[in-house]
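S.K.: Take a look at the following structure, please.
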């Protein structure tokens, strides 16, 4: 079922439908959830990291909260203010795919937040930082939190099963529709239909044709500018595949080992 | 304050029967009455109940706690437990004592309140722990005698040891052997010394040179891994770091948390509240306020500009070099009081940064090595687990030093 990402105050108008609530002020979230139907709320997004989460303290147990960052360079230290709430709320940070993402991602996972990278068509500097963030996610022994889309793709690659980047990035309009305060669909969220967009790219002869990642990516990085060059992204995905291959190899070896009788240990 | 649990370092007395050279506390004759304690307890427990913070751990310290009577402590703890139960909170108690004043009269409260466990302190060699006007050897003799008496009474005694220049010169082997082989201590931890409180000649030697100190720590970790781990000896911080890097729940010391001001407060016999015992006893300008003079704990914390400065410290450090550290998740710049006592500023990272990085790296490598050597004995479940949209917080806990 499609979920609707809506300003929190619109909750009463969306009866019976799963929603993602957006608010800059935690008091607003609390206000609508106290009278609304929290069971329909997939999660809530806090859009101002300067906000004080105290209104949710001791009250919103179980409400999943997504801290939405807009400027990772300026905002990443603010995560310290919210870390104490990890003890009672499942929380993640949405980090835009722009310069500053490596530091923001590193601090977020170091504090115990999950991370989701957001946005389309990163500049080369941001792709390089995503490579750093991937390295932190894969190799730093202190990291135990998921960083999407790396986490979802790694699992899919290890188990050799399909996954859709539009879904992992929560940008597939068939799954989530983003509405403004009037209840109107926000423009520039993505193509109306991802499969039609993908097919159009292939038919137009974009570099997606023949790309080994097409089934996963479906042209995610070709929106909105279909001329976006994906070489940096393909390197990133290649590193992820190499890590998955290594991990699967290790698992296969482990499963092939006969168990040692206890008296030989 | 953390949304789930709080540690309170309670100093019901600032009197002490020792005069250790590197002690960071300015001693006074103040003692907490049961009436005043009730006021503190109400003010601490009320907001915990309102905010559904279910777990409070009280670390009883001083001064020296055994300058009070066992019966006072029994009555105090009963009073606290009753008040906590009325609010649906759980309180656990820990006891930190120098053991110099220990006698058989302490056995009942230690058994009934503290689970028959105490934490005490001793160095090797002991150069600086002593009674007023006496030599360190006199202190060591009394401490060892009382250690044996307490253990004969069935008390589990854990030890905190602080290395000094002679410790580093002597080396980890003799240090480990003293505690484990000579004293038969099964659990001890090593803390780094810092020049907190009023300056003196001994504190001028601090902080210790991080390079030989790191060598000592790494050697000690290796000794523990080789000889202690399999036989059930625990040596902190190595045991908890190993657990951390093995992805098991870990009880890390308070110096390694994202912001200790989220997890811990200290209150002394005069009602002063600060970040920890060193701040409350010796740095008046860094107290959050006085609980007896405040309407509530919540009001005191909300209005404290000092507390805000503590919260700002990790935010400032992460904009400096800490963000580039592989062990940011463990340390977040380390201990504020160590930084302040050495540099005179809160905004500095812990002076033992190099030591911590060496120890973290060593224990991470040890955990990886142990995992590799045991991997062939395992048939592993899927290590990736199910996909997670939003994951929960870290599995670590903290423990005051």
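Protein chains in written order, with our numbering: chain F, 6 to 270; chain E, 769 to 1169.
Backbone N, C-alpha and C define an ideal beta-carbon position, used for all residues, glycine too.
This one's a predicted model, so the numbers in the text were calculated from it and none came from an experiment.
1) Once the 5 residues before and after residue 874/E are set aside, which same chain residues still bring their CB inside 6 Å of it?
2) Give me the Cβ distance between residue 82/F and residue 1086/E, rounded to the nearest whole Å; I'm assuming they're in contact under 8 Å.
3) Under a Cβ-count criterion, where at least 16 other Cβ atoms within 10 Å of its own Cβ denotes burial, should residue 260/F be classed as buried or exposed?
4) Of the residues 1130/E, 860/E, 773/E, which one's Cα is nearest the Cα of residue 988/E?
5) Based on Cα-Cα distance, which residue from 790/E, 981/E, 1028/E lies nearest to residue 751/E?
6) Report the three-state DSSP secondary structure of residue 1050/E (helix, strand or coil).
7) Looking only at its chain, what residues have a beta carbon closer than 6 Å to the beta carbon of residue 1148/E, apart from the 5 residues adjacent to it on each side?
8) Using a C-beta to C-beta distance shorter than 9 Å, which residues of chain E count as neighbours of residue 13/F?
9) Could you name the residues of chain E that residue 146/F contacts, counting a contact when the two beta carbons are closer than 7 Å?
10) Check residue 1148/E in the structure and name its three-state DSSP category.
11) Can you give me, in chain order, the residues of the stretch 1025-1041 of chain E that have a beta carbon less than 7 Å from any beta carbon in chain F?
12) Run down chain E in chain order and give the residues with a C-beta less than 7 Å from the C-beta of residue 115/F.
13) Measuring straight from C-alpha to C-alpha, what distance separates residue 198/F and residue 1098/E?
14) Figure out for me which residue from 74/F, 12/F, 52/F, 241/F has the closest Cα to the Cα of residue 46/F.
15) Residue 1143/E versus chain F: which residues are under 9 Å apart at the beta carbon?
16) Can you find the residues in the same chain that come closer than 7 Å, C-beta to C-beta, to residue 207/F, ignoring five residues on each side of it along the sequence?
17) With DSSP as the reference, label residue 8/F as helix, strand or coil.
18) Between which two residues does the alpha helix (DSSP H) carrying residue 938/E extend?
19) Note the first and the last residue of the continuous beta strand (DSSP E) segment covering residue 970/E.
20) What's the call for residue 141/F, buried or exposed, on a 16-neighbour Cβ count within 10 Å?
21) Whole alpha helix (DSSP H) runs in the stretch 60-119 of chain F with 4 or more residues, listed along the chain?
22) Just how far apart, CA to CA, sit residue 162/F and residue 249/F?
23) Give me the chain E residues within the contact set of residue 225/F, using Cβ-Cβ distance strictly less than 7 Å, ordered along the chain.
24) Taking one C-beta from the stretch 1033-1042 of chain E and one from the stretch 1012-1025 of chain E each time, how about it: are there three or more such pairs within less than 8 Å?
25) Taking residue 30/F as the reference, which of 59/F, 110/F, 233/F, 68/F has the closest Cα?
26) Straight-line CA distance for residue 909/E to residue 785/E?
27) Quick check on DSSP: helix, strand or coil for residue 1143/E?
28) Indicate the three-state DSSP secondary structure (helix, strand or coil) for residue 28/F in the structure shown.
29) Could you spell out where the beta strand (DSSP E) holding residue 233/F opens and where it closes?
30) Consider the Cβ of residue 154/F: report whether some Cβ of chain E lies at a distance smaller than 8 Å.
31) If you check the beta carbons only, do residue 88/F and residue 122/F fall under 8 Å apart?
M.R.: In short:
1) 838
2) 6 Å
3) It counts as exposed.
4) 1130/E
5) Lying before the first or after the last residue shown, residue 751/E is absent from chain E, which here runs from 769 to 1169.
6) helix
7) Any reading at residue 1148/E is ruled out, since the residue's pLDDT is 42, under 50, leaving its predicted position unreliable.
8) Going along chain E, no residue has its Cβ under 9 Å from residue 13/F, so there is no contact; the nearest lies around 18 Å.
9) 1013, 1132
10) The predicted position of residue 1148/E is uncertain, since its pLDDT is 42 and thus under 50; a value taken from the coordinates is nonetheless stated next. Coil, per DSSP.
11) 1026, 1027, 1030
12) Taking a Cβ-Cβ threshold of 7 Å, the residues of chain E close to residue 115/F are 1096, 1097, in chain order.
13) 44 Å
14) Out of 74/F, 12/F, 52/F, 241/F, the CA that lies nearest to the CA of residue 46/F is found in 12/F.
15) 255, 258, 259, 262
16) 213, 214
17) strand
18) 933-938
19) Taken as a continuous stretch (DSSP letters only), residue 970/E belongs to no beta strand (DSSP E), as it is neither H nor E.
20) buried
21) Taken in chain order, the complete alpha helix (DSSP H) segments of 4 residues or longer contained in the stretch 60-119 of chain F are 77-80, 84-87, 106-116.
22) CA-to-CA, the gap between residue 162/F and residue 249/F works out to about 6 Å.
23) Chain E residues near residue 225/F: none, gap ~18 Å exceeds 7 Å.
24) no
25) Closest in alpha carbon position to residue 30/F, among 59/F, 110/F, 233/F, 68/F, is 59/F.
26) 15 Å
27) helix
28) Residue 28/F carries a strand assignment under DSSP once its states are collapsed to helix, strand and coil.
29) Segment: none, residue 233/F is in no beta strand (DSSP E) and carries neither H nor E.
30) no
31) No, they are not a contact pair.
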